[in-house]
Amino acid sequence: MHPVLKFGVMFGVTLLLALPLPNFTRSDENVLVATTTSTENSGLLHYLAPKITAALGFSPRFIITGSGKALRLGMNRDVDLVWVHDEAGENTFMTAGHGLRREKIMYNRFVLGGPVADPASVRTASGILEALQRIQDTQSLFVSRGDDSGTHRRERALWRVLNAEHPVLAGAPLDWYRELGSGMGATLNTAMAMRAYTLVDEATWLRRNDQTHFAALFTGDVLLRNPYSLIVVAETGRKAATDKAQRLSDWLISPIGQNTISAYRIDGQQGFFALGKH
Amino acid sequence: MHELAQAFLSALDMLLHFDAELYGIIVRSMQVSLSALGIALLLGLAAASALTLYEFPGKHVIIVLLHTLLSLPPVVVGLMVYLLFSFNGLFGSLGWLFTPAAMIVAQVTLVFPIIAAYGHDILRAAWHEYQDQLTSLGARKPQSALILIRDCRYALVLIALGGFGRAISEVGAVMIVGGNILHHTRVMTTSITLATSRGELGVALALGCILLLLALGINILGFLLRQRSSQ
Chain A
211 MHPVLKFGVM FGVTLLLALP LPNFTRSDEN VLVATTTSTE NSGLLHYLAP KITAALGFSP
271 RFIITGSGKA LRLGMNRDVD LVWVHDEAGE NTFMTAGHGL RREKIMYNRF VLGGPVADPA
331 SVRTASGILE ALQRIQDTQS LFVSRGDDSG THRRERALWR VLNAEHPVLA GAPLDWYREL
391 GSGMGATLNT AMAMRAYTLV DEATWLRRND QTHFAALFTG DVLLRNPYSL IVVAETGRKA
451 ATDKAQRLSD WLISPIGQNT ISAYRIDGQQ GFFALGKH
Chain B
118 MHELAQAFLS ALDMLLHFDA ELYGIIVRSM QVSLSALGIA LLLGLAAASA LTLYEFPGKH
178 VIIVLLHTLL SLPPVVVGLM VYLLFSFNGL FGSLGWLFTP AAMIVAQVTL VFPIIAAYGH
238 DILRAAWHEY QDQLTSLGAR KPQSALILIR DCRYALVLIA LGGFGRAISE VGAVMIVGGN
298 ILHHTRVMTT SITLATSRGE LGVALALGCI LLLLALGINI LGFLLRQRSS Q
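These protein sequence lines are chains A and B, in that order. Quick note on this note's numbering: the first sequence kicks off at 211 and runs consecutively. Quick note on this note's numbering: the second sequence kicks off at 118 and runs consecutively.
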């Protein structure tokens with residue numbers, strides 16, 4: 211075969227391979243939602259997606275990342291809806307005019323997981339702050355997400371309440387404090403392998419609580435409440451997608467949407483608690 | 118060792134269950150990476166030929182830069198492509214971000230230096246051998262390039278396989294510019310990352326086995342191609 215012809219055939223085959231890709235590029239019709247690893251890793255998204263499609267007639271596309279990056283994607287107008295848990299970051303986002311509307315949608319809870327042997331005896335702590343103080347006092351290993359996610363930001367906020375100039379916040383090298391830069395599931399794996407304590411959201415934990423040497427040792431402090439918000443991103447220039455983002459928000463905070471979220475069970479336990487206006 | 122065997126078995130099990138989602142992910146991976154390879158081959162071989170046959174100022178700088186690009190981390194490519202295709206980026210209006218198109222662009226960027234740099238090495242060696250002959254025949258440069266490429270096709274297939282390996286196995290770039298969206302931009306490597314983040318290490322490893330099987334298939338094809346053309 212003539213080499214030019216061969217080249218032509220190769221290029222043709224390439225194009226043919228690429229063509230059948232559904233929605234090769236994006237149209238304004240697709241709603242992009244940036245959300246956190248906890249909604250995905252807990253199984254909530256997988257449970258909600260078909261119900262959303264049935265109720266609204268379209269399927270949002272979910273980008274799973276940390277709260278920090280999700281807000282960043284919204285700020286850059288690259289997504290239409292942000293679904294995160296980071297109150298301080300959300301406030302900044304709204305004040306800067308990046309959001310059209312913000313809805314409190316649900317909360318779940320953080321738990322302090324750790325080795326069953328519990329070297330810092332956090333089980334008997336009176337509150338999460340005391341539990342963390344005990345970990346620090348006994349120099350027990352603690353694993354931090356370290357990825358600027360909502361969970362990481364909450365953990366830092368707790369250390370900050372304990373001590374405004376806590377060495378953990380400055381990133382000083384500490385023998386007992388290990389910062390990972392990983393998602394929730396990966397961090398949990400690491401904590402289990404290292405026999406370390408870690409802050410984990412309850413929904414993710416419930417999917418993994420089949421462990422023998424690792425347990426949720428401290429729960430129930432009001433400081434461990436983890437509220438999620440929905441923010442419709444402003445001025446994206448994608449009107450059809452913004453309208454759909456609005457409809458999706460409307461549905462999620464409606465009584466039906468809220469009941470659907472509350473009805474989600476992980477191993478028979480409620481993972482998320484509705485927080486909407488109804 | 119037990120975990121690996123287990124992962125391999127569950128990989129086979131997943132394949133045999135004909136899970137539509139899994140097959141969608143496999144097909145998408147192949148489409149994105151083969152498209153990227155095709156485009157990178159066209160651009161890369163053109164660049165390699167130009168570097169072989171033409172003399173121009175700054176040529177050596179370009180060659181050194183091309184070889185430097187071989188060390189480009191996929192995450193950095195992902196960030197660059199993200200910034201270009203972001204809403205406020207140079208190509209933001211195309212609406213390619215979080216689509217397979219952006220993933221292909223990122224992988225082309227990763228594969229192009231491999232084809233161009235190594236392709237240039239091979240074509241240059243062949244050019245040393247054939248230069249007098251081709252010049253005396255009066256072949257023009259584009260013609261000579263095609264003859265060289267044709268003659269070096271065994272070696273070039275190997276490079277193409279290397280480029281494909283780089284494309285199909287990278288996760289940093291496609292994660293950033295594709296967004297790992299289910300049914301749309303989720304590919305093998307981003308699925309493996311997601312399964313790891315879920316803590317499903319067995320599933321992640323099984324997906325890794327499937328990825329290796331795919332690469333095996335492509336390499337067998339490449340091998341047969343070389344065999345056939347060497348006869």
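From the three backbone atoms N, C-alpha and C, an ideal C-beta is built for every residue, glycine too.
Is the beta carbon of residue i sitting closer than 9 Å to the one on residue j?
{"i": "B/I143", "j": "B/L331", "result": "yes"}
{"i": "A/G481", "j": "A/S252", "result": "yes"}
{"i": "A/R311", "j": "B/G316", "result": "no"}
{"i": "B/S127", "j": "B/M305", "result": "no"}
{"i": "A/L154", "j": "A/F428", "result": "Residue coverage of chain A in this structure runs from 211 to 488, which leaves residue 154 of chain A outside it and unanswerable."}
{"i": "A/E313", "j": "A/L440", "result": "yes"}
{"i": "A/A330", "j": "A/W293", "result": "no"}
{"i": "A/L433", "j": "A/T414", "result": "no"}
{"i": "B/I239", "j": "B/L187", "result": "no"}
{"i": "A/A406", "j": "A/R435", "result": "no"}
{"i": "A/H295", "j": "A/V443", "result": "no"}
{"i": "B/I298", "j": "B/L196", "result": "no"}
{"i": "B/V198", "j": "B/A284", "result": "no"}
{"i": "A/T247", "j": "A/G395", "result": "yes"}
{"i": "A/R282", "j": "B/N205", "result": "no"}
{"i": "A/L258", "j": "A/Y474", "result": "yes"}
{"i": "A/G360", "j": "A/A425", "result": "no"}
{"i": "B/G141", "j": "A/R271", "result": "no"}
{"i": "A/D477", "j": "A/L416", "result": "yes"}
{"i": "B/D183", "j": "B/H237", "result": "It is Leu, not Asp, that sits at residue 183 of chain B in the sequence shown. A contact, by the Cβ cut-off of 9 Å."}
{"i": "A/L242", "j": "A/A450", "result": "no"}
Just how far apart, CA to CA, sit residue i and residue j?
{"i": "A/R355", "j": "A/G381", "result": "13 Å"}
{"i": "A/A401", "j": "B/L158", "result": "44 Å"}
{"i": "B/L200", "j": "B/L207", "result": "8 Å"}
{"i": "B/V320", "j": "B/S150", "result": "22 Å"}
{"i": "A/H488", "j": "B/G334", "result": "Residue confidence for A/H488 is low, a pLDDT of 49 falling below 50, so the modelled location carries little weight and cannot support an answer."}
{"i": "A/N469", "j": "A/A264", "result": "15 Å"}
{"i": "B/Q344", "j": "B/V274", "result": "11 Å"}
{"i": "B/G339", "j": "B/T310", "result": "28 Å"}
{"i": "A/V378", "j": "A/G299", "result": "20 Å"}
{"i": "B/G209", "j": "B/F202", "result": "4 Å"}
{"i": "B/L170", "j": "B/I264", "result": "12 Å"}
{"i": "B/A277", "j": "B/L154", "result": "7 Å"}
{"i": "A/L254", "j": "A/D347", "result": "37 Å"}
{"i": "A/A280", "j": "A/I345", "result": "31 Å"}
{"i": "B/V288", "j": "A/D411", "result": "26 Å"}
{"i": "A/D357", "j": "B/A234", "result": "36 Å"}
{"i": "A/I338", "j": "A/V353", "result": "16 Å"}
{"i": "B/C269", "j": "B/A243", "result": "7 Å"}
{"i": "B/R303", "j": "B/Y247", "result": "46 Å"}
{"i": "A/W386", "j": "A/W369", "result": "14 Å"}
{"i": "A/L462", "j": "A/Y317", "result": "13 Å"}
{"i": "A/T302", "j": "A/R448", "result": "23 Å"}
{"i": "A/E239", "j": "A/V326", "result": "50 Å"}
{"i": "A/A374", "j": "A/E365", "result": "13 Å"}
{"i": "A/G284", "j": "B/F229", "result": "32 Å"}
Check the DSSP bridge columns for residue i and list the partner residues they point to.
{"i": "A/I274", "result": "A/T245"}
{"i": "A/F483", "result": "A/Y317"}
{"i": "A/L322", "result": "A/L409 and A/F428"}
{"i": "A/V292", "result": "A/A244 and A/I441"}
{"i": "A/L475", "result": "Note that residue 475 of chain A is Arg in the sequence shown, not Leu. In DSSP, A/R475 forms a bridge with A/Q480."}
{"i": "A/R435", "result": "A/R319"}
{"i": "A/G309", "result": "A/V443"}
May I ask which residues mark the beginning and end of the beta strand (DSSP E) holding residue i?
{"i": "A/F352", "result": "F352 to S354"}
{"i": "A/Y387", "result": "Y387 to E389"}
Would you give the residue range spanned by the alpha helix (DSSP H) that residue i belongs to?
{"i": "B/D249", "result": "P217 to L254"}
{"i": "B/Q260", "result": "K258 to D268"}
{"i": "B/Q148", "result": "A137 to L170"}
{"i": "A/R333", "result": "Where A/R333 is concerned, there is no enclosing alpha helix (DSSP H), given that its DSSP letter is neither H nor E."}
{"i": "A/S459", "result": "K449 to I463"}
Three CB pairs or more closer than 8 Å across the stretch 245-260 of chain B and the stretch 209-224 of chain B: no
Any 3 or more C-beta pairs closer than 8 Å across the stretch 175-195 of chain B and the stretch 268-283 of chain A: no
Meets three-Cβ-pair contact criterion under 8 Å: the stretch 245-255 of chain B and the stretch 320-329 of chain B: no
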